[in-house]
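Beneath this line is the structure, given in structure tokens, with notes to follow.
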Amino acid sequence: MIVRSYRIGAESGSALEICDDVLECRRQDRGSYWIDIHSYSPDDLESWLDSLTLSDQAMKSCLEAGQATRYLPLQDEMFFSFPVYPGSLETEPVYLSFLCMQNLVITLHDVPIETLDSAIDGLISSLPLFEPNTSALVCLLLLFESTESLKLSEALKEAVFELDDRMDDNPDGVEGDEILDQKRLLRSLDSVVAAQHWCFEFLGRLSRPFLDFEALTAQFQLAPSNTLAATQILDRVENTISDLQQRFNMTQQEKTNHRLAILTILSAIFMPLTLIAGIYGMNFDKMPELHFSYGYPAVLIIMGLIAIGMFLFFKTRGWLE
């Protein structure tokens, strides 16, 4: 289990500073703090949380973190969880959980999350907080995650539009698996963005002494606005992917129809030849044409002329194109 502890509103002037003894400092009522925990086992997490005075519901929610989107307002705590991407769009989404209480925020996640690492680096170096408290920190982290979802939506849109351009230039140059891969990414990202938007909408209506966005309304509203914009982008992407699938299926159907047409033409060419060969292959005793001196080459020539004539006929009519 990896535990990272920070003091919010450092005396050095940075928004965050590393604090090794958060729990003791909090007991002495010396500021606000953030504890980030990841790569933990349930037993290790339970042992660590025992040092805090949590309600049974809060403890249970923390131990079940990472299973579903949740929103649980309690008297002295606030727990919520929503899915995020730990890295690129190809990575599997994980749940980022928040436990908020007086002067303390705890974040829980199974694996490292790049956006959180970026936020920590920025806050320690030069990125300012709107206010030096836990509400401002949570607001900033939500903005980071919503912005990341918007960026991933834009990246998916660009990839799908590039696929659409390739389909326009060369329909045979796009494979069905490529469209299916983009469709899977769309479904995954859409579920993540929808869950985030639902959670942010609820948080926007929240009013708790230890987590209050009323003074941060202008900043916080950017989070649901980002997810709403991402949803609109994904709607366009979904329409484009549906169009790509339809065009791909039409292209494949045209190929199949063309192959069937070729086979039909070949059958039509060989049908009269088979008829002639069948006639001359009959075993009757009295067949005068079998005794012609040049009967065999003459029949071959006639069959060849018929085949060439039918081929030219189908070609001039455009059936072979």
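Each number in my numbering corresponds to the 1-based position in the sequence shown with 103 added.
Beta carbons are placed, not taken as given, at the ideal position from N, Cα and C, and that holds for glycine.
These numbers were taken from a predicted model, which means no experiment stands behind them.
Nearest to Asp139 (by Cα), restricted to the options Thr218, Gln160 and Trp301: For the purposes of this step, residue 139 is taken as residue 36 along the sequence shown, with counting starting at 1. Per the Cα distances, Thr218.
Stretch-stretch touch, CB-based, cutoff 8 Å, three pairs: the region 165–179 with the region 228–246: no
Where the alpha helix (DSSP H) containing Thr320 begins and where it ends: Counting from 1 along the sequence shown, the entry for residue 320 is found at position 217. First-last of the alpha helix (DSSP H) with Thr320: Thr320 to Phe323.
Identified DSSP bridge partners for Val458: The structure shown does not extend to residue 458, since the chain is modelled only from 104 through 424, so no value can be given for it.
Outcome for Pro400 when other beta-carbon atoms lying within 10 angstroms are tallied against a minimum of 16: The sequence position of residue 400 within the sequence shown is 297, counting from 1. Exposed, because fewer than 16 other Cβ atoms sit within 10 Å of the Cβ of Pro400.
Pro362 - DSSP class collapsed to helix/strand/coil: By 1-based counting over the sequence shown, the position of residue 362 is 259. Correcting the residue type first, residue 362 is Arg in the shown sequence and not Pro. Arg362: helix per DSSP, three-state reduction.
Spatially closest choice to Leu255 from Ala118, Leu148, Thr330 and Pro145, by CA coordinates: Counted from its first residue, the sequence shown places residue 255 at position 152. Of Ala118, Leu148, Thr330 and Pro145, the residue nearest in Cα terms is Thr330.
As assigned by DSSP and simplified to three states, the class of Leu314: Locating residue 314 in the sequence shown gives position 211, where the first residue counts as 1. Residue state, collapsed to three classes: strand.
Glu180 vs Leu202 beta-carbon contact at 8 Å: Position 77 of the sequence shown, counted from the first residue, corresponds to residue 180. Position 99 of the sequence shown, counted from the first residue, corresponds to residue 202. Contact flag set, yes.
Contact check, Ser142 vs Val214, beta carbons under 8 Å: Counting from 1 along the sequence shown, the entry for residue 142 is found at position 39. Counting from 1 along the sequence shown, the entry for residue 214 is found at position 111. It is a contact, given that the beta carbons lie within the stated cut-off.
Other residues of its chain near Glu341: CB distance less than 8 Å, five sequence neighbours each side excluded: Here the question's residue 341 lines up with position 238 in the sequence shown. Answer for Glu341: Leu289 and Asp293, listed in chain order.
Collapsed DSSP secondary structure at Cys122 in the structure displayed: By 1-based counting over the sequence shown, the position of residue 122 is 19. Here Cys122 sits in coil by DSSP.
Which of helix, strand or coil DSSP assigns to Leu246: In the sequence shown, counting from the first residue as 1, residue 246 sits at position 143. Leu246 falls in the helix class under three-state DSSP.
Whole-angstrom C-beta distance between Leu266 and Leu119, which should lie under 8 Å: In the sequence shown, residue 119 corresponds to position 16, counting from 1. In the sequence shown, residue 266 corresponds to position 163, counting from 1. Not a contact, Cβ separation roughly 41 Å.
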